[in-house]
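**Q** Can you read through this structure? Questions will come right after.
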């Protein structure tokens, strides 16, 4: 078996409030602005001392309310900025520490900032942030009275579908459906925020030990598969295949490879590159891989296990493509 290196974010929430939803109807009527434009605004239809005092009190109260609303918006923006700049571990800690802040106002403000993004990349960042925070909040709610599983416990559950009761660890599994069950478990755990740095550290440590022992090839292959499935899941969450109405064929092809099992890479590469039966040149393909690696380095914490696993997965795809090109061009490897 080749070595490892060779969740759709929900749409952003949108607030489309009418004036009567934003302010009490009685107040709008009193200010005479419910059915007129700004140019026709009449705050004081008549001037008298009592009326002036009442209206002045109302204006002061509204000003104070606007000031408080502004302060709350600033606080929410500060929290959003902290969440956006946090790595995976810091994000979980911030969500736990600010769990009561994730109310309706927070999500409306996050949606508003998403809507005003000038670039698609920034917009996707906010959408992914929203999904991550939602998943962590949901996990906290559902795990409040339960024991949070350790990284070792999580790994055991991920491997359960492919581990036989016998001492020997065969690979590939005797049951073809076992890998699909393992993939479903990984997807579910990743969605719940359980495949964090602790989990990746545990898998990496187990894999290193299996390689050093040299007598458990089945376990080594199994752990390689865990990291492959994790990388495929995470990298597939963001697409760069569309630029406006244009479909970028090389990016689309890379995303197809990313989502595919490692066992299918060779066939897909032969069918997709110009050295085989396809229309994507090797140079184009290497270019989009390089760009994806650069994006991954920017969006992950430097030196983290996540960064290492994702970049090595992409390098593994490039290595396989280079092997295919050399083979089809008749060059010695």
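Numbering (my numbering), first residue to last: 6 to 338.
For each residue, glycine too, the CB sits at the ideal point set by N, CA and C.
#1: Keeping to the same chain, check which residues put their C-beta closer than 6 Å to that of residue 166; ignore five residues upstream and five downstream.
#2: Within the same chain, show all residues whose beta-carbon is closer than 7 Å to that of residue 207, passing over the 5 residues directly before and after it, in chain order.
#3: Kindly give me the distance between the Cβ atoms of residue 280 and residue 287, rounded to whole angstroms, as I take these residues to be in contact under 8 Å.
#4: Decide if the stretch 78-89 is in contact with the stretch 104-113; the criterion is three or more beta carbon pairs, one per stretch, under 8 Å apart.
#5: I need the DSSP call for residue 284, collapsed to helix, strand or coil.
#6: Tell me which residues share the same chain as residue 162 and place their Cβ nearer than 7 Å to its Cβ, disregarding the 5 neighbours each side in the sequence.
#7: What residue does the alpha helix (DSSP H) around residue 215 start on, and which one ends it?
#8: Got a sec? Which residues, its chain only, sit under 7 Å from residue 273 by beta carbon, not counting five neighbours each side?
#9: Within the continuous alpha helix (DSSP H) that includes residue 176, where are the two ends?
#10: Go through its chain and collect everything with a Cβ distance to residue 312's Cβ below 8 Å, but skip five positions before and after it.
#11: Between which two residues does the alpha helix (DSSP H) holding residue 94 run?
#12: From what residue to what residue does the alpha helix (DSSP H) around residue 194 run?
#13: Which residues bound the alpha helix (DSSP H) around residue 326?
#14: Could you name the residues of the same chain whose beta carbon sits closer than 6 Å to that of residue 178, not counting the 5 residues immediately before and after it, in chain order?
#15: Express the C-alpha separation of residue 254 and residue 283 in angstroms, rounding to a whole number.
#16: From residue 49 to residue 247, what distance separates their C-alpha atoms?
#17: Please return the same chain residues whose Cβ sits closer than 7 Å to the Cβ of residue 203, not counting the five positions on each side in sequence.
#18: If you draw a straight line from the alpha carbon of residue 298 to that of residue 147, how long is it in whole angstroms?
#19: Would residue 141 be called buried (16 or more neighbouring beta carbons within 10 Å of its own) or exposed?
#20: Nearest-angstrom Cα distance between residue 332 and residue 291?
#21: To the nearest angstrom, how far is it from the Cα of residue 277 to the Cα of residue 98?
#22: Use the C-beta contact count for residue 123: other C-beta atoms within 10 angstroms, 16 or more gives buried, fewer gives exposed.
#23: With residue 285 and residue 258 assumed to form a contact (beta carbons below 8 Å), what rounded beta-carbon distance in angstroms separates them?
#24: Can you name the start and end residues of the alpha helix (DSSP H) that residue 276 belongs to?
#25: Does residue 247 come out as helix, strand or coil in the three-state DSSP assignment?
#26: Can you give me the C-alpha to C-alpha distance between residue 192 and residue 309, rounded to a whole angstrom?
#27: Taking the continuous alpha helix (DSSP H) assigned at residue 260, which residues delimit it?
#28: What are the boundary residues of the alpha helix (DSSP H) that includes residue 105?
#29: With distance defined between alpha-carbon atoms, name the residue in 295, 205 and 242 nearest to residue 229.
#30: How long is the line joining the alpha carbons of residue 125 and residue 210, rounded to whole angstroms?
#31: Which residue comes first and which comes last in the alpha helix (DSSP H) that contains residue 223?
#32: Output the distance between the C-alpha atoms of residue 317 and residue 145, rounded to the nearest integer angstrom.
#33: By a C-beta neighbour count over all protein chains shown, 10 Å radius and 16 as the cutoff for buried, is residue 90 buried or exposed?
#34: So, for residue 234: in the same chain, excluding its five sequence neighbours on each side, which residues have a beta-carbon less than 6 Å away from its beta-carbon?
**A** On the basis of the coordinates in this document:
#1: Working through the chain shown from its first residue, we reach residue 166 at position 161. By the criterion of a C-beta distance shorter than 6 Å, residue 166 is surrounded in its chain by 183, 186 and 187, once the five residues flanking it on both sides are discounted.
#2: Taking the chain shown and counting its residues from 1, one reaches residue 207 at position 202. Result list for residue 207: 156, 157 and 160, in chain order.
#3: In the chain shown, residue 280 corresponds to position 275, counting from 1. In the chain shown, residue 287 corresponds to position 282, counting from 1. Their Cβ separation, rounded to whole angstroms, is 6 Å, which keeps residue 280 and residue 287 in contact under 8 Å.
#4: The stretch 78-89 vs the stretch 104-113: in contact.
#5: As a first step, residue 284 must be located in the chain shown, where it is residue number 279. Annotated three-state conformation of residue 284 is coil, per DSSP.
#6: Taking the first residue of the chain shown as 1, we reach residue 162 at position 157. Listed in chain order, the non-local C-beta contacts of residue 162 below 7 Å within the same chain comprise 190, local neighbours out to five positions each way being set aside.
#7: Your numbering for residue 215 matches position 210 in the chain shown. Segment 202-218, the alpha helix (DSSP H) holding residue 215.
#8: The residue given as residue 273 occupies position 268 in the chain shown. Hits under 7 Å: 261, 262 and 265.
#9: On the chain shown, position 171 is the one that residue 176 refers to. From DSSP, residue 176 is part of no alpha helix (DSSP H); its letter is neither H nor E.
#10: Start at 1 with the first residue of the chain shown, and residue 312 comes out as number 307. Excluding residues within five positions, the ones whose Cβ falls inside 8 Å are 301, 302, 305 and 306.
#11: As a position in the chain shown, residue 94 is number 89, starting the count at 1. Unbroken alpha helix (DSSP H) run through residue 94: 93-102.
#12: Sequence index remark: in the chain shown, residue 194 carries index 189 (1-based). Element bounds for residue 194: 182-196.
#13: As a first step, residue 326 is located in the chain shown; it is residue number 321 there, counting from the start. Per DSSP, residue 326 belongs to the alpha helix (DSSP H) from 310-333.
#14: If you number the chain shown from 1, residue 178 lands on position 173. Counting only Cβ-Cβ distances below 6 Å, and skipping sequence neighbours, we find 167.
#15: On the chain shown, position 278 is the one that residue 283 refers to. On the chain shown, position 249 is the one that residue 254 refers to. If you take the alpha carbons of residue 283 and residue 254, they lie about 11 Å apart.
#16: As a position in the chain shown, residue 49 is number 44, starting the count at 1. As a position in the chain shown, residue 247 is number 242, starting the count at 1. Below a pLDDT of 50, predicted positions are generally treated as unreliable, and residue 49, at 37, falls in that range; no measurement from the model is reported.
#17: On the chain shown, residue 203 is found 198 positions in, with the first residue counted as 1. Taken in chain order, the residues that qualify are 156.
#18: The residue you call residue 298 lines up with position 293 of the chain shown. The residue you call residue 147 lines up with position 142 of the chain shown. Roughly 35 Å separates the two Cα atoms.
#19: Position 136 of the chain shown, counted from the start, is the residue given in the question as residue 141. With 16 or more other Cβ atoms within 10 Å, it is buried.
#20: For the purposes of this step, residue 332 is identified with residue 327 of the chain shown, where counting begins at 1. For the purposes of this step, residue 291 is identified with residue 286 of the chain shown, where counting begins at 1. Their backbone Cα atoms lie some 17 Å apart in a straight line.
#21: Taking the chain shown and counting its residues from 1, one reaches residue 277 at position 272. Taking the chain shown and counting its residues from 1, one reaches residue 98 at position 93. Cα to Cα, the separation comes out at about 43 Å.
#22: The count along the chain shown starts at 1 and reaches residue 123 at position 118. Counting Cβ neighbours within 10 Å, residue 123 comes out exposed, since fewer than 16 surround it.
#23: Reading the chain shown from its first residue, position 280 is the one you call residue 285. Reading the chain shown from its first residue, position 253 is the one you call residue 258. Indeed, because the Cβ distance is near 5 Å, the residues count as touching under 8 Å.
#24: Sequence index remark: in the chain shown, residue 276 carries index 271 (1-based). That run of the alpha helix (DSSP H) goes 270-277.
#25: For this step, residue 247 is matched to residue 242 along the chain shown. Three-state DSSP puts residue 247 in a strand.
#26: Looking up residue 192 in the chain shown gives position 187. Looking up residue 309 in the chain shown gives position 304. Those two C-alpha atoms are separated by around 20 Å.
#27: Start at 1 with the first residue of the chain shown, and residue 260 comes out as number 255. Taken as a continuous stretch (DSSP letters only), the alpha helix (DSSP H) holding residue 260 covers 254-264.
#28: Numbered from 1 along the chain shown, position 100 holds the residue referred to as residue 105. Run containing residue 105: none; DSSP gives neither H nor E here.
#29: Numbered from 1 along the chain shown, position 224 holds the residue referred to as residue 229. Of 295, 205 and 242, the residue nearest in Cα terms is 205.
#30: Residue mapping note: residue 125 aligns to position 120 of the chain shown, counting from 1. Residue mapping note: residue 210 aligns to position 205 of the chain shown, counting from 1. The C-alpha of residue 210 is placed about 37 Å away from the C-alpha of residue 125.
#31: Numbered from its first residue, the chain shown carries residue 223 at position 218. Run containing residue 223: 222-240, per the alpha helix (DSSP H) assignment.
#32: Here residue 317 is taken as the residue at index 312 of the chain shown, counted from 1. Here residue 145 is taken as the residue at index 140 of the chain shown, counted from 1. Answer to the nearest angstrom: the Cα atoms are 32 Å apart.
#33: Numbered from its first residue, the chain shown carries residue 90 at position 85. It counts as exposed.
#34: Along the chain shown, one-based indexing puts residue 234 at 229. Contacts found: 188 and 191.
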